[in-house]
Each structure stands twice: as structure tokens, then as C-alpha cells.
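The letter at position 377 of the sequence shown is residue 378 when you use this note's numbering, and the numbering goes up by one with no holes.
We put the CB at the ideal spot given by N, CA and C, even for glycine.
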Amino acid sequence: MRPHCSAASAFFSLFYVYTSLIIESHALDSSIAINVSPTLQNAAAAPTVDRSLVSYSMELQVATGFTDTDFAKNVFNVWFEKTGSRPSIRLGGSGMDKSTFVPNQQEALRVVPVGLVDSRFDFGPAFFPTIANYFPRDTEFRFGLNLANATDNWKNTVDFAIAAKEGIPQISRFEIGNEVDNFVRNKLRQEPWTMAQYVPQWRTVADELKAQIPGVQFQPAAYAGTSPTGFNLGGIIKAGINNDNYKIPTYSLHFYPQSNCSSGRRNLRLDSLADHSLLMNQLANFDADIAAAAGAGGQFSLAETNSVSCSGAPDVSDTFGSALWLVNYALAAAAKKIERVYIHSTLTTPYAMFIPKAGGPTGTGIRPMAYGMYFLAEALALPERGSDTKFLIQPISVAGNGGDISVYGLYSNRVQKFNPKPAPALPPVKGVVTVITSTIRYVKSTVLPPGVHLIVEASTTQVPKSPRPVMITTTTTRTITLTTASTRTWVSKRVTTITTTINNQPTPNAAPVGKLVAGDGNYLARAVVLNLARFNTSDPAALNCRSCPQPGPAGFGTIGARPKPAVKLSGFQPGHTLKLLRLQAPGLNAKSGVNVSGLQFNDDNGSISAQAKPESLMVNAAGEVNFNLQAAEGVLLVDQDVK
């Protein structure tokens, strides 16, 4: 990881961050139409989303701090319960190249000061069971080793790797050196330092590990991507760091969209986290590396990543903006065939997804980004326990939305049949009355005695052109006074009144419409829709959280009502019932009040304290659903009938 620097907290930095926001409401169109293909036209070419898409990177020297409580275990177990796979764990970061293995040391970790501002991290054998016993046995680890210390031809690095592999059986592969393209900047090497010097050193360590550890695997190259000296994947692959010489399942680079490393490199904008076009441009920088890894028979991961480098930045990394960014980023990465994104963290820094131990100004707690991770777990959740279903991903373009709407379709990798369902029958309606007049005439009379009488006369006529013989009865009332008895006679027709209960008829099976063609295919199972239009809250209660180092600045709330456009999305099968979950918060800058349809985490231990209450939508005969999506909000639609 890039060197840790203190996060920006000066007034100027905050002013810069927040004045970059658009604080006047700019509504999208009142309605948005999204057309998603019901099936994948070329499923073989579609990327498969890894079940451990969102994984975790820990600074090597703070890893044991996560094992002191059940907090991390609880958070990661939520992902496992949904997806059937555990987040992979990378133990690495800048501490890799400051690590030393001390076989006779009693403590798991000892921090040794070096000079006035630096440290060395000495690891004893007790470190290994601490890690191995905390995490479940099916957790996959990627372990970082020291390339900086070349003493005795990297003997200590090799000894550390051998002991780690024996003590942590979950280790699947090793990284050798962290961000070697920054070695000169970090004073770990002198000029010249290019791939020509790096590759032989990496291979020296790898060759020794290959000789000592049967079947050992590696994950090169862990570049920061900020060096002007031309470090790239294609170059090291050609130079021999490839599957012809080593077992390399994955190559990796690091990615931070913003930096907080030094005044000259600092660039902090909360609204940039909600800029879809910017994200796409940033990820496009990895296209050549992804292709190089694939050409060498390996996958490509972003093995260290987060919102802002160098520990993050308050009021950017610890806001709801980071949760929306994570969802958009992880799915966009998966759509580019990036295997996993490893969210990097320490114990208390601003970009930490959660704080497992109270310390300094912060208490334990869940940060907004963890809700983004949960939302993604729901998106990738198994349709049923034990299922082997995986999801194929396709980004969906939406015209005319100014880049504020980001959409991803997730398709089952299982070929299934088109399965529209009839609309359910409406409840029966009782009390529809039909009045029928017979054609039989008859004369009726009655004798009225002297006195005052109330005469009620009624006439019934049929409504002209009515679909049924519906009748209207007109009644006239008058009073008469008779001095003698009188006979009253009138001509009438026999009237029969029939009351029937008529049941509403169910809609017939909907015919395939548009691209909904009956037959086998990889059908749309999930859809993620993000409204990235900027909206900030001015609620002081939402601008702070228990685990946040400081409250966000007041006075930057968006002016005007929060836009809430109506969305019409097509692509799901007619008659199916969808589950709808919302990733929501009071605003992009909110630090609390974040939830997924009411789901909330416990700030004390990372478990779930309140369950989600999803909405339910019915797909109409045209394959459409309608819902509202407010600015700075995400929606997940799940068709539970597509397995």
C-alpha cells in the first residue's frame, strides 16, 4: 500500500472537498426507461462474477488486531451466508517490506522503532496460529513477503514464507514485494530501479520458494501504478514471471481513485465517488494489464484498493458516497473480467470499512461502505442453499441520463426455459345486479278507503345501449285525500331481479414480447440500478457516526427537494414476483442512517441487528416493472424464480 499519511483535517482541505460538490438539486427526468436484455445473447463471452468478488486486504502488522474480537468474523460471515463463499484475505500492504521473521520470539508481533518516524515489524511463530485459528479453514489467504530486505539473498523472507505456509494452511499464494514501482520514492531502492532490476530479484525469491514449498503459487506484481519508470504486467510476463516458470493463478495491481498521500498528490472530492464516467475511465487504464494476465493464463485482481490512498480521508472515505462507489466499482470491475477487489484497511483509519476495536477518538462500529458490501452480497446471493449457480454480468447503457444512472444485469449461468406466469386472479366481486323485465303484462287493482293516502309510483326502464340489460327505476311520491272509497287500477309487467357474484378472470399467459422469446437461455436473474445524482443531507445527526473520527461539516446540504424519478425497467419474465432492496441513506455525505431496506449492523460486534424488509414487485405482461429511485440511492431487483 502507499505510505500512510495523516488524513486531511484542516479547514482548507474540508472546504476544498465540500465546495467541489454540487449543492443545488439537479433533478433527472421525472421518468427513466431502462431496457435490459432478458437473456444473454453471447453467454460464453460474458464475465462470470467471482463469489468472493469483494474481498479484504489487511496491513500485515495489524492483522492480529482484527482477531482480538469477533467483529471481523461476523461481518465476513454475512457475505458467506449469502454467497456461499468467504471473502479472500490478503495480508500485505506497506508492512510487508518492513517485516522480519524472528523464530525464537515469544510475541506474535513486536514493533521495533527505526529512526524517528519509521518502524520494523518482527513476527514470531505465535503469529501464525493466531491468524489460522481465527478464520475458518475454507478462507483463502494471499500472503505478502518482504522484497526490500535482500540480506543473505533474502534468506529471512524465504524462512518467513516457509513458516507461514506451515502455520497458516489457508495460504494459497504469495506476493513478493509491495508496490515495487514506488521503491525509490519510499527509499527502499536507489536509482536505477526498473523492471530490468526488479524481475531478477523477484525470480531469485520465487525460485527458492519453488524449491522449498511443493506446489507453491504466486501473485505478482502488486504495483501501485504511479511510477513513471514503466512498470507493467506485460513487461514482467515477457521477462519470465509467467506460468511457464511458476504457478501464477493471478496477477495483481493496486487501485485508489483518489490520493491523500502528500500535498502534491492530494486530490479529494466526495462527488468524484459518484462519477460513473470518471470510474469507467479509471478502470480503462487496466485494460492492457487484464489482457496481459489473460494471455499468460492468469486472472487479474485489484489486490489493494479503497476510496482514497494513504489511509483514506475523513468526510470522503467514511460517507455513504463510499458505499455507492463500492457497488458501482465492484460490478464495473467484474464486468471487465477483474477477478476480485480487495478492500484495504487498518484498524482505525478513515477508509476502514468497520472498526473492530475502540481506540483514540473512535469507538467500534460499522462504516457506510460495509452496507455497500452487504448490498453486493444480496446481489450475488445463491438462489438456494447449496446451489452451484454463478452469475454472468453485463453492464447496461442508459441513454439521456447524464451519466447519473448506472445499471448492471446479472444472469444465471444455468440454461433455463422461458417461464412466464399468469397474472393472479383478482378477488371475486359480489353484488352485481341485473334487472330483467318480462314481456307478460297484467292488470292489478286495489280499493282505497276514505282518508289521506301516500301514493308511490315507480317506473323501470332499461339503460340505452348498456352492455347488460341494466335498468333504472324512477320513483314518484304524492299524497291524496279521498272522501269516499276509490278503486285504483294500473298496468304493470312482471319484474325479476337476479343478483349474481361475478369473479374477475385471470389474465391469460402473456405472450412473449420484445426480446422475450420462448426457449432455453441464460435469463436475467438480478438487476442493480444506481442513481448517482448528487444529494447531500443537512441533518447534523446524519453527519457523524460512533466510529467516525470527526463529524462532517455542516452547511453543505443540497438545496431543494430530493429528486425521486420514476423508473420503468424491462427484461424480467412476465408474471414473476421480484424482491426489491434499497441501499439508502439521508444523503451522499451521510455517515449514519445508512441501511439496506432497514437492515442494520450492530456497532458493538458487527452482527446484524435488524433484518431487511424488502419490497415486492410484479412484472407486468410486457416484462416491465415500475419503481421510484431517489438521488443517491441504489436498488437491487431479484427474480427468485430464476435459479
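Grouping DSSP H, G and I as helix and E and B as strand, with all else coil, what is threonine 320? coil
Within its chain, find whatever has a CB closer than 7 Å to the CB of isoleucine 621; leave out the 5 residues flanking it on each side and keep chain order. Before going further, note that residue 621 is asparagine rather than isoleucine in the sequence given. Excluding sequence neighbours, asparagine 621 sits near Pro575.
Buried versus exposed, by CB contacts within 10 Å (16 or more), threonine 158: buried
Could you tell me which whole alpha helix (DSSP H) segments of length 4 or greater appear in the stretch 30 to 89? As far as the stretch 30 to 89 is concerned, its whole alpha helix (DSSP H) runs of at least 4 residues are 64 to 67 and 72 to 84.
Which whole runs of the beta strand (DSSP E) in the stretch 302 to 389 are 3 residues long or more, in chain order? 339 to 346
Are the stretch 315 to 335 and the stretch 277 to 287 touching, with three or more C-beta to C-beta distances below 8 Å? yes
For the ligand ADP, is there any heavy atom lying closer than 7 Å to the beta carbon of tyrosine 247? Only the bare structure without any ligand can be found here, which leaves the ligand ADP out of the picture.
State the Cα-Cα distance for the pair alanine 371 and glutamine 106, rounded to the nearest angstrom. Their backbone Cα atoms lie some 36 Å apart in a straight line.
Based on DSSP bridge pairs, tell me the residues matched to phenylalanine 256. Thr306
Cα-Cα separation between glutamine 641 and asparagine 402, rounded to whole angstroms: 29 Å
Can you tell me the Cα-Cα spacing of phenylalanine 301 and isoleucine 249, whole angstroms? 10 Å
Using DSSP with H/G/I as helix, E/B as strand and the rest coil, what is glycine 599? coil
Cutoff 6 Å; reference phenylalanine 161; Cβ partners in own chain excluding five residues on either side: Phe102
What's the call for isoleucine 172, buried or exposed, on a 16-neighbour Cβ count within 10 Å? buried
Identity of the residues DSSP links to aspartate 123 by a beta bridge: Thr101 and Arg111
Stretch-stretch touch, CB-based, cutoff 8 Å, three pairs: the stretch 532 to 547 with the stretch 583 to 596: yes
Rounded to a whole number of angstroms, what is the C-alpha to C-alpha distance between serine 346 and methionine 59? 5 Å
State the CB to CB distance for the pair alanine 623 and proline 564, rounded to an integer number of angstroms; the pair is presumed to be in contact (CB under 8 Å). At roughly 26 Å, the Cβ-Cβ gap does not stay under 8 Å, so alanine 623 and proline 564 are not in contact.
Which residues share a DSSP beta bridge with glutamate 616? Leu581
Within the same chain, show all residues whose beta-carbon is closer than 7 Å to that of threonine 645, passing over the 5 residues directly before and after it, in chain order. Given that the chain is displayed from residue 2 to residue 644, the structure contains no residue 645 and the question cannot be resolved.
DSSP state of glutamate 141 mapped onto helix, strand, coil: coil
Stretch-stretch touch, CB-based, cutoff 8 Å, three pairs: the stretch 214 to 233 with the stretch 270 to 279: no
Start and end residues, alpha helix (DSSP H) containing arginine 204: 196 to 213
In this structure, what does DSSP give as the bridge partners for asparagine 627? Under DSSP, asparagine 627 shares a beta bridge with Lys569.
For alanine 222, which beta-bridge partners are listed by DSSP? Alanine 222 pairs with Ser253.
Cβ neighbour criterion (16 or more within 10 Å) applied to isoleucine 481: exposed
Would glutamine 42 be called buried (16 or more neighbouring beta carbons within 10 Å of its own) or exposed? exposed
Collapsed DSSP secondary structure at glycine 299 in the structure displayed: coil
Local Cβ density within 10 Å of glutamine 259, reported as buried at 16 or more and exposed below that: buried
Could you check where the alpha helix (DSSP H) with glutamate 176 kicks off and where it finishes? No alpha helix (DSSP H) contains glutamate 176, which is instead part of the beta strand (DSSP E) from 172 to 177.
Rounded Cβ spacing between arginine 368 and phenylalanine 376 (contact assumed at less than 8 Å): About 14 Å; that fails the 8 Å criterion.
Whose CA, out of Lys614, Thr363, Pro396 and Phe321, lies closest to the CA of methionine 374? Comparing Cα positions, the closest option is Phe321.
Report the residue from Leu325, Arg138 and Glu209 whose alpha carbon sits nearest the alpha carbon of aspartate 153. Glu209
What's the call for valine 518, buried or exposed, on a 16-neighbour Cβ count within 10 Å? Any answer about valine 518 is weak, because its pLDDT of 49 lies below 50 and its placement is not dependable; what the coordinates show is given next. So valine 518 ends up on the exposed side.
Give the DSSP-derived three-state secondary structure of glutamate 634 in the structure shown. When secondary structure is reduced to three states using DSSP, glutamate 634 falls in the strand class.
For aspartate 698, collect the residues of the same chain with a Cβ closer than 6 Å to its Cβ; drop the 5 residues on either side in sequence, then sort them by chain order. Absent from the model: residue 698. The displayed extent of the chain is 2 to 644, so no value can be given.
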